[in-house]
Amino acid sequence: MKTGSLKAGIKSLAGSLLYHARFFDLVLKRIGSTRYLVLMYHRILPASEQGRLHQEGMYVTTDTFERHLEFLKRHFRLGSVQDLVGVENPAPERQRPLCILTFDDGWSDFYDYAYPLLQRHEVPALVFLPTDYIGTGRRFWSESLRRLFEGAVTAGRQAELVAMVKRRFPGLPLGEDVAAVLEALTVHLKSCSAEETASLLRSLEGVAVPATPPPDFLTWEQVHEMRASGLVSFGSHSCSHRMLTSLGAGEVRSELSDSRDQLRAHGVVGDEVAFCFPNGNYDDTGVALLSEEGYACAFTTRYGWNPVTADRYRLNRVGLHQDVARSDGLLVYRLLYPLIMRR
Numbered sequence: 009m010k011t012g013s014l015k016a017g018i019k020s021l022a023g024s025l026l027y028h029a030r031f032f033d034l035v036l037k038r039i040g041s042t043r044y045l046v047l048m049y050h051r052i053l054p055a056s057e058q059g060r061l062h063q064e065g066m067y068v069t070t071d072t073f074e075r076h077l078e079f080l081k082r083h084f085r086l087g088s089v090q091d092l093v094g095v096e097n098p099a100p101e102r103q104r105p106l107c108i109l110t111f112d113d114g115w116s117d118f119y120d121y122a123y124p125l126l127q128r129h130e131v132p133a134l135v136f137l138p139t140d141y142i143g144t145g146r147r148f149w150s151e152s153l154r155r156l157f158e159g160a161v162t163a164g165r166q167a168e169l170v171a172m173v174k175r176r177f178p179g180l181p182l183g184e185d186v187a188a189v190l191e192a193l194t195v196h197l198k199s200c201s202a203e204e205t206a207s208l209l210r211s212l213e214g215v216a217v218p219a220t221p222p223p224d225f226l227t228w229e230q231v232h233e234m235r236a237s238g239l240v241s242f243g244s245h246s247c248s249h250r251m252l253t254s255l256g257a258g259e260v261r262s263e264l265s266d267s268r269d270q271l272r273a274h275g276v277v278g279d280e281v282a283f284c285f286p287n288g289n290y291d292d293t294g295v296a297l298l299s300e301e302g303y304a305c306a307f308t309t310r311y312g313w314n315p316v317t318a319d320r321y322r323l324n325r326v327g328l329h330q331d332v333a334r335s336d337g338l339l340v341y342r343l344l345y346p347l348i349m350r351r
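Start counting the sequence shown at 9; every next residue gets the next number (this note's numbering).
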């Protein structure tokens, strides 16, 4: 058994034992309304997509997501970002904790797979949109890279592709497993310039050019439809999805103001707009500019629950994806861990 599978099995068993021993319920009862939980999802995909080199940290399957919804409905008050208003004055502790579901990036599969399940279970959600990508055929560089790797595997040229990456980045500790190479390369490229990343993608196109897929991101028509349902609300994920900590203050301000203005121009947000930091990267400059630009709150990728007194521009979330939350036991472990460790 692989080390990762063994660890997941131990966590799942521990979570199941804690759940069936009623420890999970006792913790939630003790918390009451003094803390709230914000969940972070990215993509919701059918199980048939699992063999297509998607990063496990980027998706849950439709079956897993529906089990999450059923579980969350039993144990939490499922609300929206509007429920954060007045959260500093919590209700009696016997009330179940508030839980808000958030989705990063505005992937088209949210409309195809997540939205119907949210409707079926009547659960609200907040989706963060990188406005320069919505309603366009543009693609994140990470998704372009994945599709090139997938194309190479389909063409039987994965060994050639891996060899090319190793020559390009001799200092990276890369093995032969194509999925592991893709994961390591994706992490490394986050610290590289846009020019270096674009150059690599062009060179890899010589090995495999993937077929033209459907659009990666939501259309504005889909956004309008979901907002009209009253179940899905939207926030800003910047314009370009660049990490704000890599930009100057003027560029950061433009990312914040322009994305907010685009959302308002399309009529999908009101006066109070929520923000989500691309890649979770933030600093004091970005936080100050968010306040100056009138944003209501901002969400990070920092792992943890939020006390009701939390800084509204540095809100924690608990990320859920297939490798850490594919069973009820793993889900319980994932939700309890930051409480036990006081995060």
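Heads up, the beta-carbon is just placed ideally off N, CA and C, and yes, glycines get one too. Please read all numbers here as calculations on a predicted model, not as lab measurements.
Distance from the CA of S267 to the CA of R30, rounded to the nearest whole angstrom, comes to 45 Å.
The alpha carbon of Y119 has as its nearest neighbour, out of L53, R165 and T162, the alpha carbon of L53. Only buried fits T72, as 16 or more other CB atoms lie within 10 angstroms of its CB. Taking the C-beta atoms as reference points, L92 is found no nearer than 8 Å to V131. Among the bridge pairs identified by DSSP, F307 is matched with C284 and L323. The C-beta distance from L156 to A216 rounds to 6 Å, short enough to fall under 8 Å. Proximity of the stretch 130–145 to the stretch 157–165 falls short of the contact definition, fewer than three beta-carbon pairs being nearer than 8 Å. Annotation: G302 to G17 spans about 45 Å, alpha carbon to alpha carbon. Contact check between the stretch 311–328 and the stretch 40–49: three or more CB pairs, one atom from each, fall below 8 Å, which counts as touching. Contact annotation, T205 with A257: C-beta distance approximately 24 Å; criterion of less than 8 Å not satisfied.
Judged by beta-carbon spacing, C284 lies beyond the 8 Å limit of V89, meaning their Cβ atoms are not closer than that value. In the DSSP annotation of this structure, the continuous segment of the beta strand (DSSP E) that includes I52 starts and ends at R51 to L53. Around the CB of S56, fewer than 16 other CB atoms lie within 10 Å, so the residue is classed as exposed.
The Cβ neighbour count for Q127, taken over all protein chains shown within 10 Å, is under 16; the residue is labelled exposed.
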